[in-house]
Amino acid sequence: VPRNQFLMQKDQDIIYAINHYNFIDKIVLRKRLEISNIINNIIEGLQIHDALDIGTTSDDKNASSNIVIKNIKNIDKFKCISDQIVNSDFFNKKLKKSITEEFSENELHEFSSDLVISNATIEHVGGELKQKKMIENIIKLTKKIFFITTPNRFHPIEFHTKIPLIHWFPKSIYRKILKFLGLSFYANEENLNLLSVNEFKKMLDNYKIKYEIRFIKLFFFKSNIIIIGKKI
5 VPRNQFLMQK
15 DQDIIYAINH
25 YNFIDKIVLR
35 KRLEISNIIN
45 NIIEGLQIHD
55 ALDIGTTSDD
65 KNASSNIVIK
75 NIKNIDKFKC
85 ISDQIVNSDF
95 FNKKLKKSIT
105 EEFSENELHE
115 FSSDLVISNA
125 TIEHVGGELK
135 QKKMIENIIK
145 LTKKIFFITT
155 PNRFHPIEFH
165 TKIPLIHWFP
175 KSIYRKILKF
185 LGLSFYANEE
195 NLNLLSVNEF
205 KKMLDNYKIK
215 YEIRFIKLFF
225 FKSNIIIIGK
235 KI
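Everything in the sequence shown is counted per my numbering, starting at 5 for the first residue and increasing by one.
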């Protein structure tokens, strides 16, 4: 299927979403488009030949699904690594594997890319040790530049549960409240482990990389953290 056909369908899906999605879904779509626009502006002028998406969702029906990587411009070769089965023909190469596992030399060689993007995945891989392993693997897979995004733990609204403020409690208390509310899935650290800016910086400082932090804002608060990293 020609790539321009994917791009035309993407634009049609975005128009449909803006007109028909509920309030929260519209916000998610707009924020992800904002993230991809930031990436496009930063990589403009760099020689980026290939891009790798980490944590690609198998859901390719919603307009916001995988929209960050699909909205990156002037790249012909796209790869993805996900623990889900990704059937989309948008990607030239696909690997079903958790980003927190060890990668073989062949896998690193095949999937290493100039640009590596992970959008809203690091909060879903488990506890701190697994999150550190994810960062370590992203650094190994990056030839030039990487972007890791995650919701800011200290935004007033938690967008997975759509419940305000309770996620500001210590994590042990927050998880007990979620269980009490019948949200046991999100109470499990393996499924949701939100990060603050300071927690993210503490993990990043373990690695020999140059990085900067940017933010997406919603209702005047920092809703999403964007890490832009380069190897030293």
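Just so you know, even glycine gets a beta-carbon here, dropped at the ideal spot from N, CA and C.
Secondary-structure assignment with DSSP links E127 through no beta bridge to anything.
Within the segment 54-83, the complete alpha helix (DSSP H) segments of 4 residues or longer fall at 71-74, listed in chain order. Counting only the Cα atoms, I236 lies some 6 angstroms from K214. Per DSSP, the unbroken alpha helix (DSSP H) holding Y190 starts and ends at S188 to A191.
Residue environment analysis places I152 among the buried positions, since at least 16 neighbouring C-beta atoms fall within 10 angstroms of its C-beta. Our two residues, L145 and H113, have alpha carbons roughly 8 angstroms apart in a direct line. Judged by DSSP secondary structure, N197 falls outside any beta strand (DSSP E); it is assigned neither H nor E. Looking only at L187, S200, T61 and I149, the smallest Cα-Cα distance to Q51 is reached by I149. As the crow flies, the alpha-carbon of F94 is around 21 angstroms from that of I142. Around the CB of H53, fewer than 16 other CB atoms lie within 10 Å, so the residue is classed as exposed.
Comparing alpha carbon positions, the residue from N44, K226, D87 and V201 closest to I73 is N44. Three or more Cβ pairs drawn from the segment 121-137 and the segment 191-205 lie within less than 8 angstroms of each other, which places the two stretches in contact. In the displayed model, D209 falls within coil according to three-state DSSP, outside both helix and strand. In the three-state reduction of the DSSP assignment, S176 falls in the helix class. Two segments are said to touch when three or more pairs of C-beta atoms, one from each, lie closer than 8 angstroms; by this definition the segment 151-170 does not touch the segment 84-93. Note that the C-beta distance between I39 and N96 is not below 8 angstroms.
Straight across, the Cα-Cα distance linking N197 with T104 is about 14 angstroms. The alpha carbon of K98 has as its nearest neighbour, out of L56, R36 and I71, the alpha carbon of L56. With a 10 Å radius around the Cβ and a threshold of 16 neighbouring Cβ atoms, G49 comes out exposed. Judged by DSSP in its simplified three-state form, K30 adopts helix. The beta-carbon separation of L222 and K35, rounded to 7 angstroms, stays under the 8 angstroms limit for a contact.
Counting other Cβ atoms within 10 Å of its Cβ, F107 reaches 16 or more and is therefore classed as buried.
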